[in-house]
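Protein chains: 8
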Amino acid sequence: MNSDQALELLRAVAQGAIDPREALHVLALDPAQSLPFATVDRHRALRQGFPEVIYGAGKTLDQVVAIAERIAADGNGFLATRLESVAQAALQARFPAARINETARTVFLAGDAPLSEVAGPVAVVTAGTSDLPVADEAMETLHALGCASLRLADVGVAGLHRLLSRGEELRRARVVIVVAGMDGALPSVVGGLVAAPVIAVPTSVGYGAAFSGLAPLLTMLNSCAAGVTVVNIDNGFGAAMAAARILRER
Amino acid sequence: MNSDQALELLRAVAQGAIDPREALHVLALDPAQSLPFATVDRHRALRQGFPEVIYGAGKTLDQVVAIAERIAADGNGFLATRLESVAQAALQARFPAARINETARTVFLAGDAPLSEVAGPVAVVTAGTSDLPVADEAMETLHALGCASLRLADVGVAGLHRLLSRGEELRRARVVIVVAGMDGALPSVVGGLVAAPVIAVPTSVGYGAAFSGLAPLLTMLNSCAAGVTVVNIDNGFGAAMAAARILRER
Amino acid sequence: MNSDQALELLRAVAQGAIDPREALHVLALDPAQSLPFATVDRHRALRQGFPEVIYGAGKTLDQVVAIAERIAADGNGFLATRLESVAQAALQARFPAARINETARTVFLAGDAPLSEVAGPVAVVTAGTSDLPVADEAMETLHALGCASLRLADVGVAGLHRLLSRGEELRRARVVIVVAGMDGALPSVVGGLVAAPVIAVPTSVGYGAAFSGLAPLLTMLNSCAAGVTVVNIDNGFGAAMAAARILRER
Amino acid sequence: MNSDQALELLRAVAQGAIDPREALHVLALDPAQSLPFATVDRHRALRQGFPEVIYGAGKTLDQVVAIAERIAADGNGFLATRLESVAQAALQARFPAARINETARTVFLAGDAPLSEVAGPVAVVTAGTSDLPVADEAMETLHALGCASLRLADVGVAGLHRLLSRGEELRRARVVIVVAGMDGALPSVVGGLVAAPVIAVPTSVGYGAAFSGLAPLLTMLNSCAAGVTVVNIDNGFGAAMAAARILRER
Amino acid sequence: MNSDQALELLRAVAQGAIDPREALHVLALDPAQSLPFATVDRHRALRQGFPEVIYGAGKTLDQVVAIAERIAADGNGFLATRLESVAQAALQARFPAARINETARTVFLAGDAPLSEVAGPVAVVTAGTSDLPVADEAMETLHALGCASLRLADVGVAGLHRLLSRGEELRRARVVIVVAGMDGALPSVVGGLVAAPVIAVPTSVGYGAAFSGLAPLLTMLNSCAAGVTVVNIDNGFGAAMAAARILRER
Amino acid sequence: MNSDQALELLRAVAQGAIDPREALHVLALDPAQSLPFATVDRHRALRQGFPEVIYGAGKTLDQVVAIAERIAADGNGFLATRLESVAQAALQARFPAARINETARTVFLAGDAPLSEVAGPVAVVTAGTSDLPVADEAMETLHALGCASLRLADVGVAGLHRLLSRGEELRRARVVIVVAGMDGALPSVVGGLVAAPVIAVPTSVGYGAAFSGLAPLLTMLNSCAAGVTVVNIDNGFGAAMAAARILRER
Amino acid sequence: MNSDQALELLRAVAQGAIDPREALHVLALDPAQSLPFATVDRHRALRQGFPEVIYGAGKTLDQVVAIAERIAADGNGFLATRLESVAQAALQARFPAARINETARTVFLAGDAPLSEVAGPVAVVTAGTSDLPVADEAMETLHALGCASLRLADVGVAGLHRLLSRGEELRRARVVIVVAGMDGALPSVVGGLVAAPVIAVPTSVGYGAAFSGLAPLLTMLNSCAAGVTVVNIDNGFGAAMAAARILRER
Amino acid sequence: MNSDQALELLRAVAQGAIDPREALHVLALDPAQSLPFATVDRHRALRQGFPEVIYGAGKTLDQVVAIAERIAADGNGFLATRLESVAQAALQARFPAARINETARTVFLAGDAPLSEVAGPVAVVTAGTSDLPVADEAMETLHALGCASLRLADVGVAGLHRLLSRGEELRRARVVIVVAGMDGALPSVVGGLVAAPVIAVPTSVGYGAAFSGLAPLLTMLNSCAAGVTVVNIDNGFGAAMAAARILRER
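Chains as they are written, first to last, in the working numbering: chain A, 37 to 286; chain B, 37 to 286; chain C, 37 to 286; chain D, 37 to 286; chain E, 37 to 286; chain F, 37 to 286; chain G, 37 to 286; chain H, 37 to 286.
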């Protein structure tokens, strides 16, 4: 309920069209609507063309399918992430039109309403091939959000020429998501090469003193390239959502 | 050396105006210029209207003043951060036109060239009053970058009404920087209230198990509001630079 | 040996019925009884109407059943926690009257003596659906302790309206247990909304920089809402016991 | 604004006594009041007889005094914590009636309104003499909250008889706050001796592998006495607030 | 090569029976023997009546059996630790006289030479039943070293009377090994009760903030009972070896 | 109250000289005395010839002197540790007969009663010269306990010959305390050279990744020489007390 | 593109053989070649006689085989590391000439071109038998690099004579790789014995407070033997590459 | 005692010039000399032309000067590191010929014997200007070891052109020492650019999540450029010693 609607409600009360008790009920029973924030509901943006998101980790197969069915019943699309192979298969069996990305461990079903395009593209850059699952989660999320993306894979800093030769593509990107494990050095180099927003995603790739992603996480937080921001370890979904916050029309 | 200049050089070679060996020398001795990235130089964007940045920590008083003089000699402005009181005073004595922010520990001197405005505003939200130095560093940096900002101070989540009553201002912001120590919970709440990009800055405020900012850092990295990004502990400067990456025209 | 028994012993000494050396022996051999604490025995409160607790983790199937049988043989009830599915099944096979909670991984058998009610209710609030096993462990423990509870599930801070719309229930609770993983921000918000005791339970839900519950644990210890207390990661049982310490008549 | 007041407002609108725009203004400008929580404001309980709290750390001398004057101007009392000696002196110079506790580093000024008593007492137990500053912060806070407390100092577990000989006092307490550094073992023992709520406060006392309170913090979180809760390192204030949540009439 | 043998060698040189170059070769090729330490060889003490130790972790089944056979071929006994069930079975099949302890995961074969008794007893005290595997590893090692031990199980500090009632046994012990997980508080209490050497063994028992034994490890290192020493997490073998160093005749 | 006194009390009851109720009161009010542990009091052993210990850290100058005076008033001696220079001077001014060790930061005053000798010697071995303060704290404590010690300083493993050339002394020691910072490798080598008990003391000597003693602490806990035990970082006092537990006649 | 090629290109421009725009394109599209570093490509050294390296972890069976086939198709050899048994078998089935090392989990195929020898040998020293997989990975890598190596296994510092008796071999080595878990003390001792470069490799061998290799890692970084360098936990491959950097002719 | 001397001793025994018992005494009392390692003494290499090293940290002014005088008395030179300003001044006052480096905090006095040159040069590369003290410590150590060095300062990865333009110098270096704080990403880039040995030195430069050098330390240990080795945080001396091990003739 925005200010105009609230005013309308109050005027209806003033005109006797609505009983005060009923008006109170409207305001009190669903306080979220009565807040002066039209955007309080975090799902709102997603529902407006964007699909809903089902976080698959820690949910049973039945739960995932049930939630997906409930969403799809209204003609909405959904994006499900962190799915085991069996859950991916179950969703595809139920929704043959769904798009599966095995590497990303995601399933996406487009909604009935056409998706409004988000300006892009977002470059998703990875240091090594083992960072691909995280990069793919980001790209699938971007796809579900209606945002074009392009991938620059395996361009880690130990062989600089690989990155430098992709300058044209990097410069075209309106947001750059950099995915790296091990030393996590790539965002510092990319942040020095482009002026666009850089979102760094540490991955749990590496062993020993990588400590399941702690090493690249710290590297990225301490990036000597000013203005690089960081999301949680392996959180490709979060990086894509941050890119969408940046690119989304308002 | 941009593409045009490189082409000019090659044409001079083609016309015999420059010897191939000499041309090789020009290209080889300063490879940075020969890279196909016009934006390789991270200082470039700053120089184009933005001031240069002097990181004061670990520099002697003489070093800071000398660097500032060298920059100002060319008519450029500068922003100096992490300055002890004595360094702030020394810079002001040398540059009476400079603007000092004691809380932020910054000194800013505008350059001769008028600063191109960056669209805003950026909301800088703090959980408590002790987060103000970090917030002020962000705001001074934004000011130096030509970007308007507004401050919502002391609106921590333990008293939700303080934040909820500032909804109008929050919604106006094109980027929201959220500064919080202790439990670092504020970005999660703000991230749920606004659709704009949210940059979280953990601070070293707190004691005991806050472990000098580790606690709010982890909180923010694990934010349940999707798409929140994080910078280093107490890094108000970095958050502002990230906001500028987002807002800057390209 | 309680005070009455000790007095009786001393009187027997005074009457010459018992030799002083023998009395010394009685007192010395079993010091626990000679302590002036009627409450030294931590199991005592539980035995007085409350069931005994069998901590299932690290015990073999046989051990769990044997302990349960020994307890039940005296007509006492028991609560068994942290049970694998097979142990739950074994207990139910042996005690058909027992109540199983698969999510909580608990089995509860009521004792012969009627359970004295503990005033409540205790609200058990969770940030997400994956926090439910911990919440259910708390609720089953409360049930076994004779204390009513109510659940407010999936009301995390990224969508504040979910929590705010449950104000009526929150206010009714005499103790609030808040269960959250990831950013662990929920107890700070709840602690600001209610005046009742708030017990925060971090969960190991989350990945990457959640570090198996370390992140929400630190968040909760640093809660900016004054007077929030914390128990171990995933320790729903401990939170319920703490609530019982608060609510129990004395 | 509670439900009754909201209804009254809406009825006034219905009766034309209040203009709809004005009513919207009342509801929108201060959303905190429009929330269905009468207790949203965390300061409320304190203001009703309890003093306001000024957290002194990170505030300048002038700030502390100014805040104190603003509070006292309304006839309210205040409790200021974490004050340097000079700030304590400044407050006492300004408020001769204030009560200073140098060990606790607190200053308390009673308000004009008589303080409603909170049932107690709360036992504040310390393992060693160096834990006293934290214990005293807890006791001064309890005093400011109108709650009686009693101190059992230097009764660490390495000399059990010291604790066991104080059984009478321990049993009388309605809440027990246990303050300990180093091994932090005391709450486990106390938790086994009493049935009352036990709030454990780790302190930064100790050296080497105590890691500034990390060791006793972990000990307490893992207490083998069921139902012990924990607050932040050195947080005597928080423990007292938790005790007040428990004891406070509702 | 002991001193006598070295002297003999030098005398042979003096008598011309051995060439100086050859003598140099003897001394140089095997410097261990030429060291003035008769005790350089850490296995020496074990071989003199004590069995050799086979650390089973990370060894294949074949390797364990082969090593055991080599030792036994000389009539020596052995103690094998950290053995999987299959390795235990394989050793027993090969050495029917061997003694298996499934809880401790050890296999012990007595040597032909009678074991010289080590004065004792050593008390092995555990906080909970899940600490038994570690305690049993200590007791089996003590048995293999010819040292009597007695067990006080499940006497954790949350129920003090359980420990206090075993005072007689505790006082009889010449060394006390205290095994505890979770809060690790037991050694502090035991260290205050007895004057004998106390060796604390943290276990990985517990969950959440026990962090696989880190919590009790830190507790024990910070024990407020002076003179308590600590060994590695779950290292019952090491504790027994430390006890043997203390008790062994010299 | 020891056994004799308890027996005397009971006999007085038997003879009618004391009323049973009064006797109960005596036993109940001071349970420490009624415990069948003659050794419950941790200070007891020290008082029997050993001096009392004053832990200086965190105590004011006045407190230290006052405690020392109270002890000395009874003709007892004391050992004060962790004293600032000014506290050392104050104690010496007050007790001219006291022995000061500036490196160890200790002051020792012998009691009137002659100290019973404890069999030794204890070798105190240090890896480097900067470990001397910790070693000296251990040696002063041993001196105060009446136990002879000998020092092997600066014999770190990077120059093995330094240690190997001291074999004679090492072999004579009945207990070996090994003090080392940085890599903390010395106890592993010493533990392989001697059969006596080895107590390892990590020190905070070193920088960077020594993390204030964490590195040598972990090294020592993982010593590949079986039976090495460890005390807290910089805890020379604790190591000496552990040695005394081992050597003390019982 | 090396300097000669660049010069050739520029001369072609000078002679009109190549259009300036085309030349710009050549330089710009592949900047790596235009860099004045002939060695920018990290694979270059390997390709010149050395095999390419396939890091097997996180790659599917098909990916590993496909990559190997692509390399071998050109007559090049390869070294594959971190391979599961099934991947080792698959590679051997496909390349019967390949050399498998099950302990090291590597597969090596020699290329058609004869491998240029690298001066050696490199001594690979291990503290215990469980460090062998890491040592073998180092030795297989050295073998693939054409560098001779020799192994000194199970010479940990707890039995110094084992190491000292191998002095001759140690002195012959031009580089010494020291592999150790648990206390990680061996590199400090070796570093004191030899003047050659010492590369320390911590392993994840050990349990409890070894924290998966953290303990030996810290030990090695703090080695009191000057000039010891360290690589990642379990990184035998990296140590061998570092040795090759040292030994390789330039 | 080297092999020749030992042979001479044995021949003297053979010739009756020395009694076997006396020979045993010579061999046994000073085992270091009797070891078959000519290089056991870690100082040996230094003494042969290289100066001795005095580690200044934790030593008093008097100790430093006294040690320096003892060394210089024999005509040897010395290098003193980690010196406070006052210690630097005291050494220069005593040794006017000494060379002081205030940034490096070192004092170097050349010995009487001419220093044998070590082949070089060693490139010392720093990411930022605040890394200079560590870099200078490395360069002063190299100077004292007779090894030429060259410095590439402030060439961090956020502005790649700075590093790339120094390719000529980098390629000339026989060993590259890379000094970096904050993200510690520079060694990964340098390791990809050069084939020479790369020694990475993390510095404590940075704040917040740099955790006093932990972040760059982890980055470097996880470097994706194969064969990079790492020394302790801020350990410029150790890196130089490692370079000397590599370059030193043998």
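All C-beta atoms, glycine included, are put in the ideal place defined by N, C-alpha and C.
- Using a 10 angstroms sphere on the CB of G228 (chain B), the tally of other CB atoms reaches 16 or more, which defines it as buried.
- L178 (chain D) sits away from P56 (chain A), with the two beta carbons spaced by 7 Å or more.
- Its Cα nearest to that of G249 (chain H), the residue H:A216 stands out among H:V225, H:A216, H:A276.
- Listed along chain A are P56, each with a C-beta nearer than 7 Å to that of R47 (chain D).
- Contact annotation, E205 (chain C) with A174 (chain C): C-beta distance approximately 16 Å; criterion of less than 8 Å not satisfied.
- With respect to G220 (chain C), P169 (chain C) sits apart: the two C-beta atoms are not nearer than 7 Å.
- Cα atoms of V241 (chain A) and T142 (chain A): separation of roughly 19 Å, rounded to the nearest angstrom.
- Scanning chain E for C-beta atoms nearer than 7 Å to the C-beta of N271 (chain C) yields G244, reported in chain order.
- Contact annotation for R198 (chain A) against chain B: no contact, minimum CB-CB distance about 14 Å [criterion: below 8 Å].
- Cα atoms of A194 (chain C) and I213 (chain B): separation of roughly 16 Å, rounded to the nearest angstrom.
- Judged by DSSP secondary structure, I213 (chain E) falls within the beta strand (DSSP E) whose first and last residues are 211 to 216.
- In the DSSP annotation of this structure, T117 (chain D) is not part of any alpha helix (DSSP H); the continuous beta strand (DSSP E) holding it starts and ends at 114 to 117.
- Annotation: L283 (chain E) to S185 (chain E) spans about 12 Å, alpha carbon to alpha carbon.
- Looking only at H:G274, H:M218, H:T239, the smallest Cα-Cα distance to A261 (chain A) is reached by H:M218.
- Contact note: V215 (chain A) does not reach chain G at a C-beta cutoff of 8 Å; the least C-beta distance is about 14 Å.
- For R106 (chain C), the closest alpha carbon among the candidates C:T117, C:I90, C:R118, C:E120 is that of C:I90.
- By DSSP's assignment, I136 (chain G) forms a beta bridge with G:V143.
- If you check the CB distance, A123 (chain F) and G94 (chain F) do not come in under 7 Å.
- Taking 7 Å as the threshold, the shortest C-beta distance from S166 (chain D) to chain F falls below it.
- For L186 (chain E), the enclosing beta strand (DSSP E) has its first and last residue at 183 to 188.
- Per DSSP, G156 (chain C) is not a residue of any alpha helix (DSSP H); the beta strand (DSSP E) it occupies stretches across 154 to 162.
- Under the DSSP assignment, I235 (chain A) falls in the beta strand (DSSP E) whose first and last residues are 234 to 238.
- With a threshold of 7 Å between beta carbons, G195 (chain E) makes contact with chain D.
- Under the criterion of beta carbons closer than 8 Å, N268 (chain E) and N268 (chain F) do not qualify as touching, at roughly 15 Å.
- Beta-bridge analysis with DSSP links E88 (chain E) to E:F114.
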